[in-house]
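Residue numbers (the working numbering): 102 to 361. Just so it is clear, CB atoms sit at the ideal spot from N, CA and C, and this is done for glycine as well. So the structure is just underneath, and the comments pick up after that.
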DNA sequence: ATGCCGACAGGATGTCGA
């Protein structure tokens, strides 16, 4: 079973690119972030014609997440527990039946948090705390779970082209990286790092300053697997080439294969 | 240097992203 995540940076502006990638990659499940549209404006029919069911938690202009699945989508919950008054559409979770058992998947768009020293950074940390609490609660189910998305964390210095360039950025603060480690201490595995040791493997390249051409990127899109899902992990990869397509997102898809 | 790019809403240019 192939599970993928991709921050598409507007699904309306990217529909053709997304369709091209779905046809090429053929994921069983695809989690999208930053769809930047309401549920009504989501181009469901285009994806349904490729055989996908859609669960959408949209929002006008900003944020917005979705789950596409070739199999039925069950038990959809369109928010992360604990967000009192938080109206950002940053989380959707559902259960997908597999050949053997089920897999719980979440499409996650964690806050950016810049600039540091502001309420935006506090919001980022509070949101990561909520994510950790919910991730902890999910472990009690002892099920296959894949928490995937734009987590907006650079885990280690080797996950960016120049750590000094990121030292004042919210994505690389000690508190941010601590929140990331907490998810792993709970028992979740970074699927990409479980499969690959090479440094400088990126999922995002800024549109500006020729970052793509110079390969100045960061690895911020992640797949976190529960222990049960990790035991089924067969492989994980970054679809880097998609960044070179016409009118690309600034992020590229990340996917993993689970023996389910 | 806080811009360089790109999407959005709206109908000019400010906000946001990372």
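Under 8 Å between C-beta atoms of residue i and residue j
i	j	result
residue 148	residue 157	no
residue 329	residue 276	no
residue 233	residue 201	no
residue 109	residue 350	yes
residue 267	residue 316	no
residue 357	residue 319	no
residue 355	residue 304	yes
Pairwise C-alpha distance: residue j and residue i
i	j	result
residue 103	residue 247	11 Å
residue 292	residue 237	18 Å
residue 346	residue 151	21 Å
residue 167	residue 210	10 Å
residue 308	residue 257	22 Å
residue 289	residue 322	15 Å
residue 126	residue 360	17 Å
residue 341	residue 225	27 Å
residue 241	residue 314	45 Å
residue 279	residue 269	15 Å
residue 227	residue 178	20 Å
residue 116	residue 146	11 Å
Beta-bridge pairing of residue i - partner residues as DSSP gives them
i	result
residue 106	132, 355
residue 154	170
residue 339	355
residue 291	325
residue 246	205
residue 305	319, 352
residue 334	359
residue 195	206
Residue i classed as buried or exposed, judged by whether at least 16 other C-beta atoms fall within 10 angstroms
i	result
residue 286	exposed
residue 281	buried
residue 163	exposed
residue 274	buried
residue 105	buried
residue 301	exposed
residue 264	exposed
residue 348	exposed
residue 124	exposed
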